[in-house]
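Please read the structure below before turning to the comments.
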Amino acid sequence: MSGTKTAPEAFLEIRGLKKYFGVHGGLLHAVDDVSLSIGRGRTLGLVGESGCGKSTLGRVVIGLIEATGGEVLFDGQDSLKFTGAKRSEFRRRAQIVFQDPFSSLNPRMSVSQLIAEPLVINRACPHRELDARVKKLMDTVGLASRLITSFPHELDGGRRQRIGIARALALDPDFIVLDEPVSALDVCIQAQVLNLLNELQKEFNYTYVFISHNLSVVKHVSDRIAVMYLGQIAELSEYRELFKNPMHPYTQALLSAIPLAKLDVNRERIILEGDVPSPIEPPDSCRFMGRCRYRQ
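Position one of the sequence shown corresponds to residue -13 (the numbering used here), numbered consecutively onward.
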């Protein structure tokens, strides 16, 4: 069961995407026949439990991990088949912001060096203009110029994540995968980073895939939300419809776990019973069947 609506003006289209990993005992089906589309300048939220394959999907889409099968149509062309100059151009146009800003930044490089690195590697900026470009990127993401010589360990999580965002923006991308970009931050810093991402999207018309396990966060940044379970999409819907009328029992269970701020409201808490099937030998039928309260 799923609620679906086709995204207008599809900029990125994923068709039958698969990623299997060879492990002891067989193949681990991390991403198994996923199809999605994202409109230009829109945000697709991707949610699910830890281990469901959402981060793997994001990394396959931008080419950090090689796909096992399927297509990723980027502006109408299959990016999985790009080579040479086309591959290099795609890598500039598609970027990623990682979950943990501390582990994704080189601790021996200053803020200036970290932000300049993608520009230097891709020869995207003349050396004489590099300092000005770095300062402009710092201003764009809200980093004070006084921090230009600072190192990651001297900054808090919010500022470190802003460095990661600045690095992703350095090459003027069209598409950005945000892999749980606020999960390692405390609540007040989360709000600042989410507001920054929204402002940047409005100004530069970026297309986002926002990966998270937190439905409350995804609700505030997404146009559509895809719920992922054991390597497959369980439900896909516009964000309002998903929260108002969830169709899949897994989505219903996830929504029932969100805390409510109102003390006088009672809501049924759906407890999922049974075990998650093995991703090495997933069921041929519905993968949620063993935990579904509607099964017969």
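Every residue gets a Cβ at the ideal spot worked out from N, C-alpha and C, and that includes glycine. For clarity, every value in this text was computed on a predicted model and none was experimentally measured.
For L22, the enclosing beta strand (DSSP E) starts and ends at 12 to 25. R73 and S242 have their C-alpha atoms spaced approximately 43 Å apart. The three-state secondary structure of V173, taken from DSSP, is helix. Fewer than three beta-carbon pairs drawn from the segment 51 to 67 and the segment 115 to 123 are found closer than 8 Å, and the two stretches are therefore not classed as touching. A contact between stretches requires three or more CB pairs, one per stretch, nearer than 8 Å, and the segment 201 to 219 meets this requirement with the segment 272 to 279. Counting along the chain, the unbroken alpha helix (DSSP H) around A71 starts and ends at 70 to 79. Going by C-alpha positions, S136 is about 6 Å away from V97.
The segment 35 to 51 and the segment 152 to 169 touch, with three or more beta-carbon pairs separated by less than 8 Å. The C-alpha of G2 lies about 21 Å from the C-alpha of T69. Spatial neighbours of P159 in its own chain (CB-CB distance under 8 Å, excluding positions within 5 residues in sequence) are listed in chain order as R78, R79, A80, Q81, Y192. If you draw a straight line from the Cα of R114 to the Cα of V106, it is about 12 Å long. Collapsing the DSSP output to three states places F161 in a strand. In the DSSP assignment, Q282 falls outside any beta strand (DSSP E) and carries neither an H nor an E. Excluding the 5 residues flanking it on each side, L171 has same chain C-beta neighbours closer than 8 Å at G143, G144, Q147, V179, in chain order.
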